[in-house]
Amino acid sequence: MQNELEFKESQLTAMTAQMFQKNELMQELKSKLDEDKNISIDSPVSKIINRGQNQDKEWSDFNAHFESVNKNFYTRLKQSYPDISPNDLKICALIKLNLSIKEMAGILNISPDSVKTARYRLRKKCNSIQKIT
């Protein structure tokens with residue numbers, strides 16, 4: 032049982048690292064394309080990069096692995112904080128994995144400042160809910 036849990040945790044870590052690396056590569060490609068004035072934003076290459084940054088499938092796979100390691104994590108959060116948004120749940124999962132702000136930004140494909148803001152708003156939202164109840 033313990034070996035299975037460790038295996039799932041290592042899979043989750045590997046998946047998170049892979050998402051981070053892919054998004055960083057896509058961001059680097061996009062910035063190189065932006066530098067090249069001969070390529071328009073509507074070019075096929077730009078569209079492929081934007082499609083590559085779409086994370087819906089990756090997040091559903093990530094959530095399945097995350098839930099197998101952390102049983103009922105999302106359910107408990109939703110019960111404690113019914114107004115929590117899907118983006119807040121993503122932030123909570125990444126916080127649970129002890130990822131740095133830079134790693135979270137890379138995975139979510141947002142700036143580190145946006146991660147800081149999201150974490151601040153999440154803390155504020157959770158504290159205000161606790162004060163109400």
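Residue numbers (our numbering): 32 to 164. Built from N, CA and C at the ideal position, the CB exists for glycine as well. As the structure is a computational prediction, the values presented were derived from the model and not from experiment.
- According to the DSSP assignment, Asp-119 belongs to the alpha helix (DSSP H) that extends over 117-127.
- For Met-46, the closest of Leu-153, Lys-156, Ile-138, Lys-102 by C-alpha to C-alpha distance is Ile-138.
- Excluding five sequence positions before and after Pro-143, the CB atoms of its chain that fall closer than 6 Å to its own CB belong to Ile-132, Lys-133, Ala-136, given in chain order.
- For Tyr-105, the enclosing alpha helix (DSSP H) starts and ends at 104-111.
- In the three-state reduction of the DSSP assignment, Ile-141 falls in the coil class, being assigned neither a helical nor a strand state.
- Distances from the alpha-carbon of Phe-51 to those of Pro-117, Phe-93, Arg-152, Lys-109 put Phe-93 closest.
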